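Just below is one structure, and these are the notes that go with it.
In my numbering, the protein residues as written are 899 to 1422.
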């Protein structure tokens, strides 16, 4: 038997991911672009509906209020996505709602000054205005860190090794949005999961007119088929005598979105009234803004790889964070009940259908704005049962997590130092937030429970986030543990050329601002 050559058992590291049909600045035909953009819009509906559906009833809001918040959130998502793809990082990322803001928002909802209001609608409006005020103040954190380039300076302490657990846990950290939700309605969740994997992976080579239609439009096809199946089960009375939780998860007519939605409604700033401001609320919200910053940093790194681009230089990353802060300011002005972050599921879809085109995401932003104004049509698509979204999340979150693990190719994983840092960061990034979640479920408050509510919100929000815990642990260990003699093991020689805009000639192709704006904002 002939000896195996080293090159036959190793794979050389690659700056850009191979095998994509379209990269960041190449575009499918307009017909495909519109269909792919609509697919991203459908996927973004999951979070846009889930967050208001949970928060609005707790605040005392009605179904009408819930529909208005969903429409407003989608409208602002569309604007923020356009701003980010045009002037921010310019990566193909949907900027959507963030679960990181749930802890401080729930804390505001439980504020005794609002809880004592007897009129439910007045309580909803008062709470909404308080959330708006907190978001407006807290948005200054990302605006300052981003546009002042402070976040670019901070990113100099990041290495490929330090980014592995952060990006991986951007995906893995959302495990409770996956099969735990699928399990609430297995009769539609599991068929959706199996069909999506079958079409996007096993049947991906099936082509019509040289277009791999099953791979490229797997989400649209699966959603249409399983949604029709779910509607058939609902209409046939299959859930009539099932528990309320099952009916809420499975039925296609329980969300009350279509009947409550107006035909035409254009969201506008301050439609809920003038925001109110409280220092404690704002300070707690600042923690969520920091968490959003960390999670988006990991998601931008993943998106650049799935769009076959180079890692975003520090200047570009910081610019994107600045525009994301503008997005959170818009969230506060319009009243969306949550701040902005990069939509992880939409990043995963770039890898699933192998389309990393920026134009596709911009078209999806157009759909968000359009359907948020046409209430009935938007509400129709928003009535898709949550377990269907969760089934797709099982695949897409996994893809994003694996992109994070792929950064290990630039490091030396035969180093005990690297194994220690990577393993401990991943484990604590999962274990600490899980402890905070379990403690909160048992005690009805987080582990941080002092007389200072703002302090409790700050700590509980930070440590509820897996990527944030991973960043704290990984960056600290990576920059303190034998760091002087381990630059090569950490992957720094490869990473160094992507730190500056001019460090690699490809950066100009991917990240230059449109309309020749680089003349006024020269990259560093």
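We treat Cβ as the ideally placed atom computed from N, Cα and C, and that holds for glycine.
All values derive from a computational prediction rather than experimental measurement.
Using alpha carbons as the reference points, say which of the options lies closest to residue i.
| i | options | result |
| --- | --- | --- |
| residue 1413 | 984, 1203 and 1317 | 984 |
| residue 1176 | 1402, 1004 and 1027 | 1027 |
| residue 1361 | 1223, 916, 1328 and 1065 | 1328 |
| residue 920 | 1257, 1082, 1273 and 1133 | 1257 |
| residue 1355 | 933, 1182 and 1049 | 1182 |
| residue 1061 | 1398, 1346 and 1307 | 1307 |
| residue 914 | 1046, 941, 1207 and 1321 | 1207 |
| residue 993 | 1330, 1269 and 1222 | 1222 |
| residue 968 | 1273, 1336, 1302 and 1357 | 1273 |
| residue 876 | 977, 1150 and 1121 | Absent from the model: residue 876. The displayed extent of the chain is 899 to 1422, so no value can be given. |
| residue 981 | 1303, 1299, 1261 and 1353 | 1261 |
| residue 1186 | 910, 1358, 933 and 1410 | 1358 |
| residue 1367 | 1389, 1348, 1330 and 1340 | 1330 |
| residue 1122 | 1196, 937 and 1400 | 937 |
| residue 1394 | 1348, 1342, 1209 and 962 | 1209 |
| residue 1078 | 1281, 1252, 1158 and 1147 | 1147 |
| residue 1011 | 1110, 1174 and 1297 | 1174 |
| residue 1050 | 1404, 1408, 1399 and 1017 | 1399 |
| residue 977 | 1120, 1092 and 1264 | 1264 |
| residue 918 | 1110, 1092, 1179 and 1044 | 1110 |
| residue 933 | 1118, 911, 1275 and 1305 | 1118 |
| residue 1297 | 1252, 963, 923 and 1044 | 1252 |
| residue 1171 | 909, 1019 and 1338 | 1019 |
| residue 1196 | 1336, 1092, 922 and 1363 | 1363 |
| residue 1043 | 998, 1192 and 1102 | 1192 |
| residue 997 | 1244, 945 and 909 | 945 |
| residue 1180 | 1320, 1312, 1052 and 1351 | 1351 |
State yes or no: is the C-beta of residue i within less than 9 Å of the C-beta of residue j?
| i | j | result |
| --- | --- | --- |
| residue 1271 | residue 1156 | no |
| residue 1291 | residue 1075 | yes |
| residue 1063 | residue 1369 | yes |
| residue 1402 | residue 1057 | no |
| residue 1259 | residue 935 | yes |
| residue 1345 | residue 1189 | no |
| residue 943 | residue 1267 | no |
| residue 1316 | residue 1383 | no |
| residue 995 | residue 1238 | yes |
| residue 1225 | residue 974 | yes |
| residue 1098 | residue 1116 | yes |
| residue 930 | residue 1114 | yes |
| residue 1041 | residue 1227 | yes |
| residue 1373 | residue 1322 | no |
| residue 1385 | residue 1088 | no |
| residue 1293 | residue 1065 | no |
| residue 1436 | residue 1158 | Since the first and last residues shown for the chain are 899 and 1422, residue 1436 lies out of range. |
| residue 1007 | residue 956 | yes |
| residue 1212 | residue 1054 | yes |
| residue 1235 | residue 1411 | no |
| residue 1408 | residue 961 | no |
| residue 1178 | residue 1305 | no |
| residue 1112 | residue 1102 | yes |
Under a three-way DSSP split, which group does residue i fall into?
| i | result |
| --- | --- |
| residue 1171 | coil |
| residue 1068 | helix |
| residue 1106 | strand |
| residue 996 | coil |
| residue 1239 | strand |
| residue 1409 | helix |
| residue 1100 | helix |
| residue 1253 | strand |
| residue 939 | helix |
| residue 1166 | coil |
| residue 1381 | coil |
| residue 920 | strand |
| residue 1366 | helix |
| residue 1229 | helix |
| residue 1285 | helix |
| residue 1389 | coil |
| residue 1161 | coil |
Could you round the C-beta distance between residue i and residue j to whole angstroms and report it? I think they count as a contact, below 8 Å.
| i | j | result |
| --- | --- | --- |
| residue 940 | residue 1279 | 6 Å |
| residue 1029 | residue 1001 | About 12 Å separates the two Cβ atoms, so there is no contact after all. |
| residue 1068 | residue 1214 | The Cβ separation is near 18 Å, so there is no contact. |
| residue 926 | residue 1255 | 6 Å |
| residue 1184 | residue 1048 | Actually they are not in contact, since the Cβ atoms of residue 1184 and residue 1048 sit about 15 Å apart, beyond 8 Å. |
| residue 1059 | residue 1348 | No, residue 1059 and residue 1348 are not in contact; Cβ-Cβ is about 36 Å, not under 8 Å. |
| residue 1137 | residue 1131 | 7 Å |
**Asked** Is the region 1012-1026 in contact with the region 1200-1214, if contact means three or more CB pairs nearer than 8 Å?
**Response** no
**Stretch pair the region 933-949 + the region 1130-1144: three plus CB contacts closer than 8 Å** = no
**Request:** Taking 8 Å as the threshold, find out whether the region 1230-1241 comes into contact with the region 1033-1052 through three or more Cβ pairs.
**Result:** yes
**Asked** Would you say the region 1275-1287 touches the region 1078-1091, given that touching needs at least three Cβ pairs under 8 Å?
**Response** yes
**Request:** Report yes or no: do three or more beta-carbon pairs, one from the region 975-989 and one from the region 1210-1222, lie closer than 8 Å?
**Result:** yes
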